[in-house]
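4 protein chains.
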Amino acid sequence: MEQYKIDEYNHQHINDHQRKFNFVAEYVAQLDDVLQKLQAFNIAIPSWALGTGGTRFGRFSGGGEPRTLEEKISDVGTIHALNRSSNSISLHIPWDIPENATAIKAHAAQYGLHFDAVNSNTFQDQKDAKLSYKFGSLHHTDKAVRDQAIQHNIDVIKYGVELGSNALSVWLSDGSNFPGQLNFRKAFQNTLDSLQQIYAALPDDWKVWIEYKPFEPNFYSTTIGDWGQSHLLASKLGKKALTLVDLGHHLPNTNIEQIVSLLLMEQKLAGFHFNDSKYGDDDLTVGSINPYQLFLIFNELVEGMDARGLNHATGIGWMIDASHNVKDPIEDLIQSVEAIKIAYAQALLVDTKALVEAQQSNDVAKAQEILQAAYRTDVRPLLAEARLRAGGALNPIALYRELGVRDTLIKQRGAKTVATGL
Amino acid sequence: MEQYKIDEYNHQHINDHQRKFNFVAEYVAQLDDVLQKLQAFNIAIPSWALGTGGTRFGRFSGGGEPRTLEEKISDVGTIHALNRSSNSISLHIPWDIPENATAIKAHAAQYGLHFDAVNSNTFQDQKDAKLSYKFGSLHHTDKAVRDQAIQHNIDVIKYGVELGSNALSVWLSDGSNFPGQLNFRKAFQNTLDSLQQIYAALPDDWKVWIEYKPFEPNFYSTTIGDWGQSHLLASKLGKKALTLVDLGHHLPNTNIEQIVSLLLMEQKLAGFHFNDSKYGDDDLTVGSINPYQLFLIFNELVEGMDARGLNHATGIGWMIDASHNVKDPIEDLIQSVEAIKIAYAQALLVDTKALVEAQQSNDVAKAQEILQAAYRTDVRPLLAEARLRAGGALNPIALYRELGVRDTLIKQRGAKTVATGL
Amino acid sequence: MEQYKIDEYNHQHINDHQRKFNFVAEYVAQLDDVLQKLQAFNIAIPSWALGTGGTRFGRFSGGGEPRTLEEKISDVGTIHALNRSSNSISLHIPWDIPENATAIKAHAAQYGLHFDAVNSNTFQDQKDAKLSYKFGSLHHTDKAVRDQAIQHNIDVIKYGVELGSNALSVWLSDGSNFPGQLNFRKAFQNTLDSLQQIYAALPDDWKVWIEYKPFEPNFYSTTIGDWGQSHLLASKLGKKALTLVDLGHHLPNTNIEQIVSLLLMEQKLAGFHFNDSKYGDDDLTVGSINPYQLFLIFNELVEGMDARGLNHATGIGWMIDASHNVKDPIEDLIQSVEAIKIAYAQALLVDTKALVEAQQSNDVAKAQEILQAAYRTDVRPLLAEARLRAGGALNPIALYRELGVRDTLIKQRGAKTVATGL
Amino acid sequence: MEQYKIDEYNHQHINDHQRKFNFVAEYVAQLDDVLQKLQAFNIAIPSWALGTGGTRFGRFSGGGEPRTLEEKISDVGTIHALNRSSNSISLHIPWDIPENATAIKAHAAQYGLHFDAVNSNTFQDQKDAKLSYKFGSLHHTDKAVRDQAIQHNIDVIKYGVELGSNALSVWLSDGSNFPGQLNFRKAFQNTLDSLQQIYAALPDDWKVWIEYKPFEPNFYSTTIGDWGQSHLLASKLGKKALTLVDLGHHLPNTNIEQIVSLLLMEQKLAGFHFNDSKYGDDDLTVGSINPYQLFLIFNELVEGMDARGLNHATGIGWMIDASHNVKDPIEDLIQSVEAIKIAYAQALLVDTKALVEAQQSNDVAKAQEILQAAYRTDVRPLLAEARLRAGGALNPIALYRELGVRDTLIKQRGAKTVATGL
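Chains as they are written, first to last, in the numbering used here: chain A, 7 to 428; chain B, 7 to 428; chain C, 7 to 428; chain D, 7 to 428.
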């Protein structure tokens, strides 16, 4: 993405933007602070999100999907050039093994990208694997399978070290499909024991992020099924172990924002896998189903991080984890990043002082007015201004379409490519 | 499965069986009637259930999976020989296309099997397909796609006619992943229009069964999402259109037995896809999660079919639709059939007269006592006796293991076979 | 609420308003049309919503609750004076029996109010009732109970006729708490028979609205449990019977907007009971939990009503049905009305033509962009302008507080009053 | 309940019982051990369960409800005489304040009853209360309210000490109805601080049981909302603080048995409030909706308690917490106790050794067979035999009806009595 194209586009739309920005800016108390925070805030893109995901019922590829890790990095580079908010990439091993770390880092650096948390995978059998994960990995009844899975995680850490990453993200599909299949206690203890061995292999400045999920692909129990189980493991492991929240990994009606608040309080919140969902782990575009919930989560994050003096941009990990089998993945990711930053901007606009007063006096109607006043504000011009200042496009998705990026990719890569991933 | 093996097994266990049967038989009011009904009651096996199913996260095959339709039929034959309750097979097109119907029918007949409802598939793109179902099939905005899907259904009917089937089972994954993607009304009307064309192609003695499902693989809306939508379509189509209930296709906490009762009342209940689930369309072994619910459904079925004078065995369609990626598929199907027949037997034991009186006088505690008295009865000896009389095994799964059937299949077919299906 | 107070308040804030309105107005295609529609759009207030609701665990009254129907009308008058969007009141019989209809109508007319749908109540036993509704009303096994409930509904119609209402709203709590308690089919048929008798008593220009709800106060089954059951009854009853949608009356994850679209298509949508919820029938302030869902519902309403040429304001019924045991009821209702009109205004801003094109070409990302562009617009100035033109307050809740209305009510009515209702 | 009536009843039915018992006894490996455990196993009855509960929509009293604590104790005495499995009563303060502990204890002792955990109540305002719990109690923003609630709990402990109880059961309804109302972190910390003060007042041999619940009566957040939050509090408080599981206090589809297993592992399981539910905290008769889930929970309990060497009868707390607005409360409680003991008996029949082997080798079908073999066994004769040996009735509910106990109570107490409680 050549910068001049972005500049040209911005030039054409600057007047309209200016009018909108000037309007809303007048109502923002600490404008510079807000804009600086918006500029500083980046969300990592997972390497598997550049291809079209599927379901067990089928996978409908789009065209021009990246065939290599380099092409995936290039796609993230396109996104980052447009929105200046996606400056890192999160690798999933073994879907994307960086054979030559130096070259890959250099390639990424060309786009201003670095490497976020690395993700292990013990929920699928790899071609050359000696043992199968059919009945789980770190929780397995067979020590040999556990050892294989532990070694895989240690290998992933090594890849991460080479790439300059500093966190291992672990999602286990381990669980059971039928009552009786598992002894829950032993499964938990095996998992803990396995994680302790992985924990021991962490470099000093690394963290391990422990994801939880109630169901799928196992449909009776999951061994790390909710935040309480993840937190229990993280507590037993030590300070470098934290709980990762994937927005789609909850039972119906869960109050996620409360969980976020408490994990922050306990200094155990690793960060987020962002997506949206209506039924389960639907992996839909962030903010496409319930944007108010996303705002409420950011409201807790801003409040809780400020209470602990954490830097919003770097205090915890931010990553998208969505699938999108009916959209152009790049457009989908741009929409997700935009939705996240809108929620963040709205949270920054909350009148904190008034809210604390309303809460203290149990003025519930007032508290709601305060939150909704921030939420109902059209903050898109603030995001656009932050992008403009950082060299991004006023309207990333519009420019992406105007430039026909996908058509170019299809010409380069073909119409029937299939990227690695789900 | 040679009959003498079954007979030998039964001979060894006949005394123990006789003691148990004699005990329970004394408490069964109309013993002969119950046993005859249990003998007559068969549940169709879908052709795709003989292989190991998977999820979007992976598929872990077992060994000895059937490589051809003939081998699938052979596996159903094994099940039926053991339990004498699975005398038909339900084909899924195009996973299992019967190229030579006469030969296939003869092959099936060797095992005492015939062909139940045929299932169309417009939720995956076939290799040679001109148009994609990425955005749906019968509801598609593009008439050409709808026409392709209509033609496929008509083709499936033709296959079914050749096989002696008399029902087309339609499950549409058509829906949307994001708000705005679909116009719900137009999608419904396109679906209706498409179904009308398929309906017109039905032979006189055929039915079309319309399945509903709230989500997956689409995660915002499904065009035939609940029983109300299926029933609305079926009502507009005509008498040959009926609603098919898949137990896993409901939102959390749905009272399925009430839906069953009302569809029976309206003469619109096509039949069942049996399975069990804890979270969504988990496709678990029937009766493995909530057997009391299964009993309550059968209680409504027996009551409602008796009220309309329907034959239990043939009045509506009975089919298993489960997946089982951690079990031997044959064992899983034997367990499912057993669970279904247990629920049916318990429902037959309900003291109907007393229940009507308790209901009439709102004696709620009594009504519960009556249902639970039937449910708490150990009816396994009744099932075993019915099997014995029909030439099946007293304990199908025990004999299946004793004979080492799976090992033989692995030797014949190999350890790494993968059957067609999900 | 004296008009001069409102005018004074508006005068003080007119400049700020004008700036905001001018900004957003520039982006609204058919500004006059939108403003006119907003002015015309009113939402009825139920008579029971002026007091503080409770739960089975307790009820915490606020102060100054209305002690009589006249005081309730006065409170609605206050709301309507402030927001000019609540010009009718919906009575619940027997909580609020209008002993002298002429006087009550005159009293309401002083505030510019008329009477919307009347609501019957057969879910509680009245003091002088001969028979109990412990086991239901219109579905009861005992004809005498059904007759009593039918007569009550006919009485309610009579009250409604005197008040100038033209619809009877029926919510039945009839259901069962335990398996076996009910015969679902007979319960449905008794309900249908009872409704037919009520239907026969409807004046020519009246409608009967049939509400559905999956659970509570019965926790195993509800006899009119979902839209499909309500629709089935309404279809059998005739053209004057329609289905009423209460937003809180759905199982988890239900796609309500799809139901709305289909009911509109079938000409069977009576209207709405607005509220919001996170878990069940929580009866929270409209738009307080999931405002995007509310917008999506209005998007379907606008599209579907336009497709049928219905007047938005009068084509179907609009009513709030919320409880609010921790807020001042008047403030809560003002917040609810505001949230409804925000969603409506946003739906009016959707670029319909572009959306149809995106849908037709399955451009899913574009369709989402179109909906979100409307939703993210800050439409509050449009609502304020519509209110201003109608004589209402620029900011109703701010003025309500500034004037200390509640304090005045407490002085007049006392701090410990308890209004009739839940 | 005179013993001779029970003996007479048993005498009449002894032959039938003997035949059934002899049949099943032959299949029970350690018959004496099982029978002794069944005899030893008692479930406490809460004092509020003897009256008819209601919902926010109404309360339909039965007749003969107990008017005093003495009458409640008498009713529990009746239950215990019949089933010999309900030898304690759990008091709810202030619904049932034992003014004269010595007399009450003596009264209870006449029936062979003692006092189980005492329950505090800070979810309702008491008549003479200075401060309101409208916005919570132990989590309240106002220290004065927290202090009042702390003092109430300390008072309840005092009542408990006098009665010979040794546990305080705390359920907090504290939470919020709307986003913004609460600061989750501060609410949690206030709760912790309050509980620490209550903890400090616990006698040495006492425990405090901390219940969790996701929603109702608050519908946005609950401050102790899930097991993870309860466990976090209990961990911070110390060894005397444990987590109490109420079966109805979970989000849809929660795997409760896994939670039970992990709490046992962590030595943090206080015990149970038994009931059943289909939608939420429905407070239905135990085992009336999903008896297999109850069995699975007991399977974890037996396994986990055995692993820690806990006495089944006394190792943790067992209590019913159900409501039943359509049943005779005494019949309902008898049904609940029966369902609990059936599940317990079935769990005792599980072939533990075979299950461990199946789990170790991931023989999932086998593991299911083992569990279902125990579950499908008709254990009612074992329960009857255990009752017989203890002096209870072979069939408690049948005898209760035969003796016309309720009619007698109505004559004694009147037809319109209303017991204290929900």
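Glycine is no exception: its CB is placed at the ideal position from the N, C-alpha and C atoms.
Should the stretch 394-409 of chain B be called in touch with the stretch 366-379 of chain B, which here means at least 3 C-beta pairs below 8 angstroms? no
In the DSSP assignment, find the unbroken beta strand (DSSP E) run with B:A302 in it and report its ends. Position 296 of the second sequence, counted from the first residue, corresponds to residue 302 of chain B. It is Leu, not Ala, that sits at residue 302 of chain B in the sequence shown. Counting along the chain, B:L302 falls outside any beta strand (DSSP E), though it belongs to the alpha helix (DSSP H) covering P297 to R314.
Residues of its chain near A:L198, where Cβ-Cβ distance is below 8 angstroms and the 5 sequence neighbours each way are ignored: Your numbering for residue 198 of chain A matches position 192 in the first sequence. These residues qualify, in order along the chain: L239, K242 and L243.
Pull up the DSSP beta-bridge partners for D:K213, would you. As a working mapping, residue 213 of chain D is identified with position 207 in the fourth sequence. Paired residues: D:A173.
Is any beta-carbon of chain A found at less than 8 angstroms from that of B:Q130? Locating residue 130 of chain B in the second sequence gives position 124, counting from the first residue. At a cut-off of 8 angstroms between beta-carbon atoms, B:Q130 makes contact with chain A.
Specify, as a first and last residue, the run of the beta strand (DSSP E) that D:G234 falls within. Locating residue 234 of chain D in the fourth sequence gives position 228, where the first residue counts as 1. Looking at the DSSP string, D:G234 is not in any beta strand (DSSP E); the run it does join, the alpha helix (DSSP H), is W233 to L243.
Is there contact between the stretch 285-297 of chain C and the stretch 216-234 of chain D, where contact requires at least three CB pairs shorter than 8 angstroms? yes
When the Cα atoms are used, what is the spatial distance from B:Q264 to C:F190? Locating residue 264 of chain B in the second sequence gives position 258, where the first residue counts as 1. Locating residue 190 of chain C in the third sequence gives position 184, where the first residue counts as 1. One C-alpha to the other measures close to 6 angstroms.
Nearest to A:H17 by alpha carbon, out of A:E391, A:E77, A:D39 and A:V30? Reading the first sequence from its first residue, position 11 is the one you call residue 17 of chain A. The option with the nearest alpha carbon to A:H17 is A:E391.
For C:I376, which residues in chain B fall below 9 angstroms Cβ to Cβ? Within the third sequence, numbered from 1, the residue matching residue 376 of chain C stands at position 370. What C:I376 touches in chain B: G186.
Between D:R314 and chain C, is any beta-carbon pair separated by less than 8 angstroms? Position 308 of the fourth sequence, counted from the first residue, corresponds to residue 314 of chain D. No, its Cβ sits nowhere closer than 8 angstroms to a Cβ of chain C.
Return the CA-CA distance between D:R152 and A:Q365, expressed in angstroms with no decimal places. Position 146 of the fourth sequence, counted from the first residue, corresponds to residue 152 of chain D. Position 359 of the first sequence, counted from the first residue, corresponds to residue 365 of chain A. So the alpha carbons of these two residues sit roughly 16 angstroms apart.
Grab me the residues of C:V340's own chain with a C-beta within less than 7 angstroms of its C-beta, minus the 5 sequence neighbours each way, in chain order. Here residue 340 of chain C refers to the residue found at position 334 when the third sequence is read from its first residue. Here residue 340 of chain C is Ile; the residue named in the question, Val, does not match the sequence. Here the set comprises I85, L88, N89, P402, I403 and Y406.
If you measure from the beta carbon of A:V162 to each beta carbon in chain D, is any gap under 8 angstroms? For the purposes of this step, residue 162 of chain A is taken as residue 156 along the first sequence, with counting starting at 1. Closer than 8 angstroms: no.
Quick check on C:A193: does DSSP put it in helix, strand or coil? Here the question's residue 193 of chain C lines up with position 187 in the third sequence. C:A193 falls in the helix class under three-state DSSP.
For the stretch 297-316 of chain B against the stretch 208-223 of chain B, are there 3 or more C-beta pairs whose distance is under 8 angstroms? no
Residue span of the alpha helix (DSSP H) that contains B:T108, given as start and end: Position 102 of the second sequence, counted from the first residue, corresponds to residue 108 of chain B. It spans A107 to Q116 - the alpha helix (DSSP H) in which B:T108 sits, taken as one unbroken run.
Buried or exposed: C:A109, going by 16 or more other Cβ atoms within 10 Å of its Cβ? Residue numbering aside, residue 109 of chain C sits at position 103 when the third sequence is read from its first letter. Result: exposed.
So, does the stretch 62-78 of chain A touch the stretch 411-424 of chain A, judging by three or more C-beta pairs under 8 angstroms? yes
Taking just the CA atoms, how far does C:I230 sit from B:I95? Here residue 95 of chain B is taken as the residue at index 89 of the second sequence, counted from 1. Here residue 230 of chain C is taken as the residue at index 224 of the third sequence, counted from 1. Cα-Cα distance, rounded: 37 angstroms.
Whose C-alpha, out of A:L415, A:L394, A:G410 and A:E408, is nearest the C-alpha of A:S91? The residue you call residue 91 of chain A lines up with position 85 of the first sequence. That would be A:L394, whose Cα lies nearest to the Cα of A:S91.
Quick check: is the beta carbon of D:G166 nearer than 8 angstroms to any beta carbon in chain C? Sequence index remark: in the fourth sequence, residue 166 of chain D carries index 160 (1-based). No, its Cβ sits nowhere closer than 8 angstroms to a Cβ of chain C.
May I ask you to report which of helix, strand or coil DSSP gives B:G64? Reading the second sequence from its first residue, position 58 is the one you call residue 64 of chain B. In the structure shown, B:G64 sits in a strand (DSSP, three-state: E or B).
Based on the DSSP output, what are the partners of C:S94 in its beta bridges? Against the third sequence, residue 94 of chain C aligns to sequence position 88. Its beta-bridge partners are C:H120.
Take B:N172 as the anchor and find which of B:D122, B:G277 and B:A349 has the nearest alpha-carbon. Within the second sequence, the letter at position 166 stands for residue 172 of chain B. The option with the nearest alpha carbon to B:N172 is B:D122.
How many Å lie between A:L269 and A:W233 at the Cα? Working through the first sequence from its first residue, we reach residue 269 of chain A at position 263. Working through the first sequence from its first residue, we reach residue 233 of chain A at position 227. One C-alpha to the other measures close to 9 angstroms.
Please specify which runs of the beta strand (DSSP E), each continuous and at least 3 residues long, are wholly inside the stretch 350-426 of chain B, giving them in chain order. none
I want to see whether chain C comes within less than 8 angstroms of D:G57, judged by CB atoms only; does it? The sequence position of residue 57 of chain D within the fourth sequence is 51, counting from 1. By this cut-off, D:G57 is not an interface position.
Hey, out of A:W324, A:Q36 and A:D134, whose CA is closest to A:A49's CA? If you number the first sequence from 1, residue 49 of chain A lands on position 43. A quick correction: the sequence has Ile, not Ala, at residue 49 of chain A. Looking at the Cα atoms, A:W324 is the closest of the given residues.
Chain B contacts made by the stretch 387-406 of chain C, where a contact means CB separation under 9 angstroms: none
Quick one: residues in its chain with C-beta nearer than 7 angstroms to the C-beta of A:A55, no 5 flanking neighbours on either side, listed in chain order? As a working note, residue 55 of chain A is residue 49 in the first sequence. Correct list, in chain order: I326, A328, P335 and L339.
Between D:E217 and chain C, is any beta-carbon pair separated by less than 8 angstroms? The residue labelled residue 217 of chain D in the question sits at position 211 within the fourth sequence. So, not an interface residue.
Going along chain D in order, which residues have a C-beta closer than 9 angstroms to the C-beta of A:N106? Indexing the first sequence from 1 puts residue 106 of chain A at position 100. Under the 9 angstroms cutoff, chain D gives no residues; its nearest Cβ is about 39 angstroms from A:N106.
Measuring only the C-alpha atoms, how far is D:H19 from D:L119? For the purposes of this step, residue 19 of chain D is taken as the residue at position 13 of the fourth sequence. For the purposes of this step, residue 119 of chain D is taken as the residue at position 113 of the fourth sequence. Computed Cα separation, rounded: 27 angstroms.
Determine which residues of the stretch 253-287 of chain B have a Cβ less than 8 angstroms from any Cβ of chain A, and write them out in chain order. P258, S283, K284, Y285 and G286
Looking only at its own chain, which residues have a Cβ that is under 7 angstroms from the Cβ of B:P100, when we skip the five neighbours before and after it? Stepping through the second sequence from its first residue, residue 100 of chain B is reached at position 94. Taking C-beta separations shorter than 7 angstroms and ignoring five residues to either side along the sequence, the partners of B:P100 in its chain run N127 and Q132, following chain order.
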